[in-house]
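Residue numbers (our numbering), protein chains in the order written: chain A, 195 to 574; chain B, 195 to 574. The C-beta atom is built at its ideal place from N, Cα and C for all residues, glycine as well.
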């Protein structure tokens, strides 16, 4: 997928991943870009997150991004902080920019020192081009496929996004790296203000296993090279790309065979709609039922019930694959037909609380024997 | 297990469980007992919970308890409320007491009307004896074993407990029914005040799959027949029985092969210690790692990090099976030896935040292919 104007990217295999697959990725931005940053809320956040937060607080533009996969450089103590700084220095040297304009990111195993010498030895081999595909491949960990998305704006500006993440995925950032690049010229303050709202409705509504990771971030870069664009169209495109990537992440959840989409409307507030949608998407019992094509709506009701959202069971409506299965109480339906309808790549739950105007979506995946296998055998 | 003085119990098979196993259970209390009640916080709570709450608010003593397994009588609308009342009437008739002194409980499938005619046809067959075993067997659903525990007090009074629950188990009551019976004479107000504290530190610290059920309750009955006892010894015994049952529930989690115990100390508060302990016990990634005997402490750190408990990663200590694996940072250890040590029935994680005096325990179980199998195939 071609990057918007102002961005070039590339990747190489540095040997951090034992598999020998590509694991070191770079982006260069010319001129320096405005950016907006949301990162994990985990208290054990990695040095790259601490560093990114400080740069973001300073408000300076960015000229580069370096990502390594295979090692999270987390829980690595003072050495981890120095290694993270060294990562930025190596990238800055390769890109011919200042280290304080380079963002770092690490993803992978926790608690093992980052082999910075490998980065030093291989960073020179990275070729920067207008294509994002090598970058998209190199940032993966247990993902089974690359995650890319794009939208074009009237006038020629574009929004292009890339993400990784398939386990340790839960609201408030997960083992999730997401980068959106645009050549639209956007007011930097608006960028900072609106981006967390987009992340709240997209990446933070993805849940694979309830585990929120230590390293994750979602970043929007705007090079400005394509000039100003209409505000509405721009944020619509950003939202569409972020939502598309969020769905790709959920669909590629560890061991997942299906995407679960939960749409809630009629909630007392948007916050309650989000919470309720996430609770259903995250319910281990519902995830297992989806895996077994079992239209066990009792498990949806249970998850809504403990989500904290206010509702009356006597007023609630639940639809599964467009079939009403609960409307203030059980509704007769064909279990066989519904089970067949669940044998799809995407299982959609629609909930209407009939309480207010709050609406939200959330995405998850089915719980399979494969998830257990992957995570019982993934070694430190 | 023999009940304390003042209690008799029994059970029969009424045909509610398709398997034909015992599913209808009764307890009689003579004279009427003081009691303390904690029930699910789920908004879609079943009629039995609503009824129990009302009786408890009235403050009247209880003379009987009826439990059916195989059908939760939840999300069954107005009919469910009437069926629940009928359950109380049938039990009251059988026991020769007033319906308003009988507590009801239903557990099993959600959304299917309770076949009260079966209860009516078979309740007469229940024989009441001083033995709790038939009752313990009849209240089970997906449990693989009965859960009983007892402690004796100086002077002869006893505390005897019984519980069920193996799936849909999470803090704030789960598909969990727990009943403790004592013949000690205890001040009714103290009973009501202290019981929620015991439940908070025991049953609410059990997590199997993060799903909090609609029907669950923990009840403590005191017949008074053995006379007054020392306060300290009494609550110690109640706590020990509740804790023992909580551990039995976690150990019998759906598909579980191991008990996970998480002990947190040095937290800023007891509430934070509880939250942190539960987060680790509930982490799908850590549960899968325990299943695979993988000492992947990064997953413990991640769970602590998103639990909300305040701590500094640089000050924290983590022990796994008594071996220090993290002490302000990674500590060298033998992965092979530790993996071998994890091949035990119980895997114990000790966390010391070194922040304050807060301490708590939580219990869970490993995540296995068996959990997925059970819950993908359990039919509505």
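Under 8 Å, do residue i and residue j count as touching if we go by C-beta distance?
i: residue 543 of chain B; j: residue 474 of chain B; result: yes
i: residue 255 of chain A; j: residue 375 of chain A; result: no
i: residue 520 of chain B; j: residue 491 of chain B; result: yes
i: residue 457 of chain A; j: residue 555 of chain A; result: yes
i: residue 289 of chain A; j: residue 357 of chain A; result: no
i: residue 230 of chain A; j: residue 414 of chain A; result: yes
i: residue 575 of chain B; j: residue 393 of chain B; result: The displayed coordinates of chain B run from 195 to 574. Any statement about residue 575 of chain B would go beyond what the structure contains.
i: residue 448 of chain A; j: residue 336 of chain A; result: yes
i: residue 466 of chain B; j: residue 552 of chain B; result: yes
i: residue 238 of chain A; j: residue 371 of chain B; result: no
i: residue 401 of chain B; j: residue 493 of chain B; result: no
i: residue 352 of chain B; j: residue 377 of chain B; result: yes
i: residue 451 of chain A; j: residue 381 of chain A; result: no
Any beta-carbon of chain B closer than 8 Å to the one on residue i?
i: residue 492 of chain A; result: yes
i: residue 373 of chain A; result: no
i: residue 158 of chain A; result: Look at the range of chain A in this structure, 195 to 574, and you will see that residue 158 of chain A is not part of it.
i: residue 295 of chain A; result: no
i: residue 517 of chain A; result: no
i: residue 456 of chain A; result: no
i: residue 567 of chain A; result: yes
i: residue 574 of chain A; result: Note on residue 574 of chain A: pLDDT 39, under 50, position unreliable in the model; the coordinate value appears next. So yes, residue 574 of chain A belongs to the interface.
i: residue 498 of chain A; result: yes
i: residue 303 of chain A; result: yes
i: residue 495 of chain A; result: yes
i: residue 468 of chain A; result: no
i: residue 408 of chain A; result: yes
i: residue 488 of chain A; result: yes
i: residue 207 of chain A; result: no
When DSSP labels each residue in this structure, what does residue i get in the three-state scheme?
i: residue 273 of chain B; result: helix
i: residue 291 of chain B; result: coil
i: residue 231 of chain B; result: strand
i: residue 382 of chain B; result: helix
i: residue 567 of chain A; result: helix
i: residue 135 of chain A; result: Only positions 195 to 574 of chain A appear in this structure, which leaves residue 135 of chain A out of reach.
i: residue 421 of chain B; result: strand
i: residue 278 of chain A; result: helix
i: residue 376 of chain B; result: strand
i: residue 460 of chain A; result: strand
i: residue 225 of chain A; result: strand
i: residue 426 of chain A; result: helix
i: residue 481 of chain A; result: helix
i: residue 352 of chain A; result: strand
Expressed to the nearest angstrom, what Euclidean distance is found between the alpha-carbon atoms of residue i and residue j?
i: residue 506 of chain B; j: residue 568 of chain B; result: 39 Å
i: residue 367 of chain A; j: residue 476 of chain A; result: The predicted model places residue 367 of chain A with a pLDDT of 38, which falls under 50 and marks its position as unreliable, so this point remains unresolved.
i: residue 325 of chain B; j: residue 545 of chain B; result: 41 Å
i: residue 397 of chain B; j: residue 436 of chain B; result: 7 Å
i: residue 214 of chain B; j: residue 267 of chain B; result: 18 Å
i: residue 389 of chain B; j: residue 511 of chain A; result: 37 Å
i: residue 464 of chain A; j: residue 549 of chain A; result: 11 Å
i: residue 547 of chain B; j: residue 410 of chain A; result: 24 Å
i: residue 347 of chain A; j: residue 395 of chain A; result: 21 Å
i: residue 497 of chain A; j: residue 459 of chain A; result: 16 Å
i: residue 196 of chain B; j: residue 276 of chain B; result: 34 Å
i: residue 154 of chain B; j: residue 528 of chain B; result: Given a span of 195 to 574 for chain B in the structure shown, any question on residue 154 of chain B remains unanswerable.
i: residue 261 of chain B; j: residue 299 of chain B; result: 5 Å
i: residue 217 of chain A; j: residue 303 of chain A; result: 13 Å
i: residue 431 of chain A; j: residue 332 of chain B; result: 58 Å
i: residue 323 of chain B; j: residue 233 of chain B; result: 27 Å
i: residue 525 of chain B; j: residue 341 of chain B; result: 39 Å
i: residue 221 of chain A; j: residue 486 of chain A; result: 42 Å
i: residue 283 of chain B; j: residue 330 of chain B; result: 22 Å
Determine whether the Cβ of residue i lies closer than 8 Å to any Cβ atom of chain A.
i: residue 530 of chain B; result: no
i: residue 326 of chain B; result: no
i: residue 393 of chain B; result: no
i: residue 526 of chain B; result: no
i: residue 479 of chain B; result: yes
i: residue 237 of chain B; result: yes
Below 7 Å on C-beta distance, what does residue i contact in chain D?
i: residue 231 of chain B; result: Note that chain D does not occur in the displayed structure, where the protein chains are A and B.
In the segment 506-563 of chain B, which residue ranges form an unbroken alpha helix (DSSP H) of at least 4 residues, counting only runs that do not cross its ends? 529-535
Within the segment 290-340 of chain A, note down every full alpha helix (DSSP H) run reaching 4 residues or more, in order along the chain. 310-316, 327-332
My parser needs the alpha helix (DSSP H) runs of 4 or more residues fully inside the segment 234-271 of chain A; what are they? 241-252
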